[in-house]
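First the structure, in the form of structure tokens, and then the observations on it.
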Amino acid sequence: MTKKLKDITSQLIEKYIEILEQNGEPDEAYKYLAINTFQQNWNLEAEDFHQIFRNSFSKVANLLYQNSWGFIEKSAQLFPDEVRAMFRNLYDESVAISQRIKSFQTESENLLPKVRQALNRTNINAQQDERTISVYLAFRFPEKYILYKADYYKNFCEQLNIKTKKTGERFLHLQELANQIIQEGLLDDENFINTYRKFNQKPMWEDKRLMIQNILYVVFRNIKDFNLLELLKKFDRKELEEY
137 MTKKLKDITS QLIEKYIEIL EQNGEPDEAY KYLAINTFQQ NWNLEAEDFH
187 QIFRNSFSKV ANLLYQNSWG FIEKSAQLFP DEVRAMFRNL YDESVAISQR
237 IKSFQTESEN LLPKVRQALN RTNINAQQDE RTISVYLAFR FPEKYILYKA
287 DYYKNFCEQL NIKTKKTGER FLHLQELANQ IIQEGLLDDE NFINTYRKFN
337 QKPMWEDKRL MIQNILYVVF RNIKDFNLLE LLKKFDRKEL EEY
């Protein structure tokens, strides 16, 4: 692990603790509920795969784009055996993760014309991007995969002064960075754990990757909100009202 990654991560953890102590619950507990709901319902062998699929992702909230969810949910309804096979392959840990992601995206695009035809709609797209697939993976193996989103990934790389990877390779890059943070034991700080556990109880699964996601999301969201407030302070109230 580079000293830069160690230093920046430690600073982000400190900032995260500060935000939690000042503002209280950061409204991220729904991610635990979403993953637990998936874990309790998921069954690849279920007779009614579409229903199990819906139940498993019923608490996904804003973690999936509406279009991404719309396509995969309709596909599971119309072509349950095909979608069941897609998820069986995606969750086959004996195959390299990059290969599984590409296969899932290819299979989605292959399924798209059939879904369009069945729904008699041309304005539907597969949109099974890396953010979407990170949700599927993090729900199934939360102890192994992190939830990915472009904005906090880019912000993190900016802080680390490293180049972002190209689209399609970013989720796996974030995975690598998260793995390094965990291996270095940066999440084992007692003050951090005690503060974090006030708001998020330890689940049945190892939640270090979700901890990292929460740190990145909450800290960078907070900085963005703070920057906007600082900008607004430069104008007087009358100017803002007129604007």
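Mapping of the sequence shown onto my numbering: residues 137 to 379, in sequence order. Idealized CB from N, CA, C, for every residue including glycine.
Can you name the start and end residues of the alpha helix (DSSP H) that residue 152 belongs to?
-> Within the sequence shown, residue 152 is the residue found at index 16, counting from 1. Residue 152 -> alpha helix (DSSP H) spans 139–159.
Within 10 angstroms of its Cβ, does residue 265 collect 16 or more other Cβ (buried), or is it exposed?
-> Within the sequence shown, numbered from 1, the residue matching residue 265 stands at position 129. It is buried - the Cβ of residue 265 has at least 16 other Cβ atoms within 10 Å.
Nearest CA to the CA of residue 308: which residue from 321, 289, 319, 296?
-> Residue numbering aside, residue 308 sits at position 172 when the sequence shown is read from its first letter. Comparing Cα-Cα distances from residue 308 to each of 321, 289, 319, 296, the minimum goes to 289.
With distances taken from CA atoms, which of 358, 269, 156, 211 is nearest residue 254?
-> Taking the first residue of the sequence shown as position 1, residue 254 is located at position 118. Residue 254 has its Cα closest to that of 211, out of 358, 269, 156, 211.
Kindly give me the distance between the Cβ atoms of residue 178 and residue 257, rounded to whole angstroms, as I take these residues to be in contact under 8 Å.
-> In the sequence shown, the residue the question calls residue 178 occupies position 42. In the sequence shown, the residue the question calls residue 257 occupies position 121. In fact, because the Cβ distance is near 28 Å, the residues do not count as touching under 8 Å.
Measure the alpha-carbon distance for residue 353 versus residue 294 and round it to whole angstroms.
-> Here residue 353 refers to the residue found at position 217 of the sequence shown. Here residue 294 refers to the residue found at position 158 of the sequence shown. Near 14 Å, if we compare the C-alpha coordinates of residue 294 and residue 353.
Since residue 222 contacts residue 207 with CB under 8 Å, what's their CB separation in whole angstroms?
-> The residue labelled residue 222 in the question sits at position 86 within the sequence shown. The residue labelled residue 207 in the question sits at position 71 within the sequence shown. Rounded, the Cβ-Cβ distance is 12 Å, inconsistent with contact.
Complete alpha helix (DSSP H) runs within the stretch 287–329 (minimum length 4 residues, chain order) | 306–319
Tell me whether residue 339 sits in a helix, a strand or coil according to DSSP, three-state version.
-> Residue numbering aside, residue 339 sits at position 203 when the sequence shown is read from its first letter. Coil, per DSSP.
Simplified DSSP assignment, three categories, for residue 353 = Your numbering for residue 353 matches position 217 in the sequence shown. DSSP places residue 353 in helix when its eight states are reduced to three.
By Cβ distance, which residues of its chain are closer than 8 Å to residue 348, with the 5 residues on each side in sequence left out?
-> Indexing the sequence shown from 1 puts residue 348 at position 212. Contacts found: 282, 314, 317, 318, 323.
Report all residues from its chain with a CB closer than 8 Å to the CB of residue 185; omit the five preceding and five following residues, and keep chain order.
-> In the sequence shown, the residue the question calls residue 185 occupies position 49. The residues are 212, 216, 217, 219, 220.
For residue 231, count neighbouring Cβ atoms within 10 angstroms of its own Cβ and tell me buried if that reaches 16, exposed if not.
-> On the sequence shown, position 95 is the one that residue 231 refers to. It counts as exposed.
DSSP state of residue 259 mapped onto helix, strand, coil = Taking the first residue of the sequence shown as position 1, residue 259 is located at position 123. Three-state result, residue 259: coil.
For residue 339, which option in 189, 145, 176, 158 has the closest C-alpha, if you only look at C-alpha atoms?
-> Position 203 of the sequence shown, counted from the start, is the residue given in the question as residue 339. Checking every option, the nearest Cα to that of residue 339 belongs to 176.
Close beta carbons around residue 304, own chain, < 7 Å, minus the five adjacent residues each side | Position 168 of the sequence shown, counted from the start, is the residue given in the question as residue 304. Result list for residue 304: 266, in chain order.
Under three-state DSSP, which class holds residue 254?
-> Taking the sequence shown and counting its residues from 1, one reaches residue 254 at position 118. Helix, per DSSP.
Residue environment, residue 367, which counts as buried when at least 16 other CB atoms sit within 10 Å = Mapped onto the sequence shown, residue 367 falls at position 231. Since pLDDT at residue 367 reaches only 44, below the 50 mark, its modelled position is unreliable, and the value read off the structure follows with that caveat. Label assigned to residue 367: exposed.
Secondary structure of residue 179, DSSP reduced to three states = Reading the sequence shown from its first residue, position 43 is the one you call residue 179. Coil at residue 179, not helix or strand.
Measure the CB-CB distance between residue 272 and residue 346 and report whether it falls below 8 Å.
-> Position 136 of the sequence shown holds residue 272. Position 210 of the sequence shown holds residue 346. No; because the gap between Cβ atoms is not below 8 Å, this pair is not in contact.
CB-CB under 8 Å to residue 269, same chain, minus the five flanking residues each way: which ones, in chain order?
-> Here residue 269 refers to the residue found at position 133 of the sequence shown. Counting only Cβ-Cβ distances below 8 Å, and skipping sequence neighbours, we find 226, 237, 240, 241, 307.
Return the residue from the list 183, 161, 190 that minimises the CA-CA distance to residue 174.
-> Locating residue 174 in the sequence shown gives position 38, where the first residue counts as 1. Nearest option by C-alpha distance: 190.
Pick from 284, 152, 298, 330 that is closest to residue 167, judged by C-alpha positions = Position 31 of the sequence shown, counted from the first residue, corresponds to residue 167. Per the Cα distances, 284.
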